[in-house]
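S.K.: Attaching a single structure in structure tokens format; questions to follow.
Numbering (UniProt numbering), first residue to last: 1 to 192.
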């Protein structure tokens, strides 16, 4: 398990303990404060993604990027060749992150308004901002880190809770042999 995953778990458990101690039943105005904090956090996440997308469009990096997108682990078929640019790839990744924020907002909204839970409002008021600021596209476009190592495109899939056991084989392949095999198999896919 990576140190970032351990930090996220520790933070989440700490936030859960804090959320349990907030007297939402005795002080109903605390629910309004929690809603405002949650809505503000989600807006900040969307602004971070918007800012990254703006920086990507401004940089307009049209460097060609080729990689082989892996098929499902149970499939015997070779992966599909993807040809895109750094600009389009980054915009696609930012779009995925934005959809993730929207889906998380929808889920917490259902949990809060339909099921009556208030603790997720507190927990999800801080963790998404932390994750957005630590994302790979934020590291490149906000913090100015070079796109090398872990930040090299295409981004490797996150290892999950069990580290390399789940993420190492499932990532995109960029080696010349895999690209040549995918081109030979005719599995080219053009990203726009």
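Backbone N, C-alpha and C define an ideal beta-carbon position, used for all residues, glycine too. In this text the structure is predicted, and so the values were computed from the model without any measurement.
Can residue 68 and residue 178 be called in contact, C-beta distance under 8 Å?
M.R.: Yes; because the gap between Cβ atoms is below 8 Å, this pair is in contact.
S.K.: Suppose only complete runs of 3+ residues qualify. What are the beta strand (DSSP E) ranges in the segment 73-116, listed by chain order?
M.R.: Within the segment 73-116, the complete beta strand (DSSP E) runs of at least 3 residues are 80-85.
S.K.: Check the DSSP bridge columns for residue 69 and list the partner residues they point to.
M.R.: Answer by DSSP bridge pairing, in chain order: 80.
S.K.: Start and end of the alpha helix (DSSP H) containing residue 147?
M.R.: Counting along the chain, residue 147 falls outside any alpha helix (DSSP H), and DSSP gives it neither H nor E.
S.K.: For residue 42, does the three-state DSSP call read helix, strand or coil?
M.R.: In this structure, residue 42 counts as helix in the three-state DSSP scheme.
S.K.: From 151, 183 and 103, pick the residue whose C-alpha is nearest to that of residue 128; which is it?
M.R.: Residue 103 is the option with its Cα nearest to residue 128.
S.K.: Got a sec, what are the start and stop residues for the alpha helix (DSSP H) residue 60 sits in?
M.R.: Here residue 60 belongs to no alpha helix (DSSP H), and DSSP marks it neither H nor E.
S.K.: For my contact list, residue 83 and residue 64 are in at a C-beta cut-off of 8 Å; report their separation, rounded to the angstrom.
M.R.: Contact holds; Cβ gap of about 7 Å.
S.K.: With a cut-off of 8 Å on the beta carbons, I'd call residue 138 and residue 45 a contact; round off their distance for me.
M.R.: With a Cβ gap of about 10 Å, residue 138 and residue 45 do not count as contacting.
S.K.: If contacts are defined as beta-carbon pairs under 8 Å, then residue 6 and residue 122 qualify, I think. What distance do you get, rounded to the angstrom?
M.R.: Between residue 122 and residue 6 the Cβ distance is about 21 Å, and since that is not below 8 Å, they are no contact.
S.K.: What whole-angstrom Cβ distance do residue 48 and residue 132 have, given they're in contact under 8 Å?
M.R.: Sure, about 4 Å apart at Cβ, within 8 Å.
S.K.: Have a look at 3, 116 and 58 and flag the residue whose alpha-carbon is nearest the alpha-carbon of residue 24.
M.R.: For the residues 3, 116 and 58, the minimum Cα distance to residue 24 belongs to 116.
S.K.: Just how far apart, CA to CA, sit residue 86 and residue 4?
M.R.: Cα-Cα distance, rounded: 26 Å.
S.K.: Where does residue 196 land, buried or exposed, given buried means 16+ other C-beta within 10 angstroms?
M.R.: Residue 196 is absent from the model: the chain starts at 1 and stops at 192.
S.K.: Looking at the unbroken alpha helix (DSSP H) that takes in residue 172, where does it start and where does it end?
M.R.: From DSSP, residue 172 is part of no alpha helix (DSSP H); its letter is neither H nor E.
S.K.: Please identify the residue among 185, 56, 11 and 125 whose C-alpha is closest to the C-alpha of residue 92.
M.R.: The shortest Cα separation from residue 92 among 185, 56, 11 and 125 belongs to 56.
S.K.: By DSSP, does residue 13 sit in helix, in strand, or in coil?
M.R.: Helix, per DSSP.
S.K.: Is it the case that the Cβ atoms of residue 125 and residue 38 are separated by a distance below 8 Å?
M.R.: Cβ distance < 8 Å, so residue 125 and residue 38 count as in contact.
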